[in-house]
Every structure is written in structure tokens, then in C-alpha cells.
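Each remark here refers to the structure printed beneath this line.
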Amino acid sequence: MTNIFIIAGALFGIIVAPLGFFVGLQVSPVLANVLLLPFIVVSWSSGILLGDMSALLLVWSTVLSIAFWATVFGLVGFGIKKLRR
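Going from the sequence shown to the numbering used here is simple: count from 1 and add 595.
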């Protein structure tokens, strides 16, 4: 069951990048900050603004986003698995 959550988190990590930008512009900047947390961390740590990132840095941020959201979803799946027992 945890593997399904990890795969769903990885897929969410791919989708969340464009989704976060559109949500931030249209709906809620706070929700966009949560969705784009890996991108914001890379931007902050490198000292490069989010809009000034190179293509390589954006790809690296997307890979980090995939790993981050897969970990979050995996931990949620692990917690649900433990609660069911």
C-alpha cells in the first residue's frame, strides 16, 4: 500500500510545478507556496530568483519536487498502514 502512495507522490511532484504557478496566480499565494516548496528552497539556497532560474536548475527543482512529494505521500501511506493494524 505504501508503494502506491509513493508512486502517487512522484506523479504529484511532476504535476505540482505547473499547478503551483497557476494556483498562485489565480487562487491562493499561500497554497502556491506549499505546492512549490521544493522550488522555493532551491531558489533560496542558490540565491537565484524563481523566475531567473536556468533550465537545468528548473529540472533539478522538479527532481527534488518528485522526491519531496514521494516522501511526503509515502509517510502518509506508512501512517495509514500503521493505523489500520
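Yeah, the Cβ is synthetic: ideal placement off N, Cα and C, and Gly gets one too.
Per-residue burial, residue i [other beta carbons within 10 Å of its own, 16 or more giving buried]
| i | result |
| --- | --- |
| Ile661 | buried |
| Val637 | buried |
| Ser649 | exposed |
| Val618 | buried |
| Gly642 | exposed |
| Val611 | buried |
| Ser623 | exposed |
Nearest residue (CA-CA) to residue i, options the options
| i | options | result |
| --- | --- | --- |
| Asn598 | Leu670, Gln621, Ser623 | Leu670 |
| Trp664 | Leu614, Ala650, Leu626, Leu630 | Leu630 |
| Pro645 | Trp655, Phe634, Val654 | In the sequence as presented, Pro is not what sits at residue 645; that position holds Leu. When each option's Cα is compared against that of Leu645, the closest is Phe634. |
| Phe607 | Thr666, Lys676, Leu678, Lys677 | Thr666 |
Whole-angstrom C-beta distance between residue j and residue i, which should lie under 8 Å
| i | j | result |
| --- | --- | --- |
| Ala603 | Phe673 | Actually they do not touch by this definition, with Cβ atoms about 13 Å apart. |
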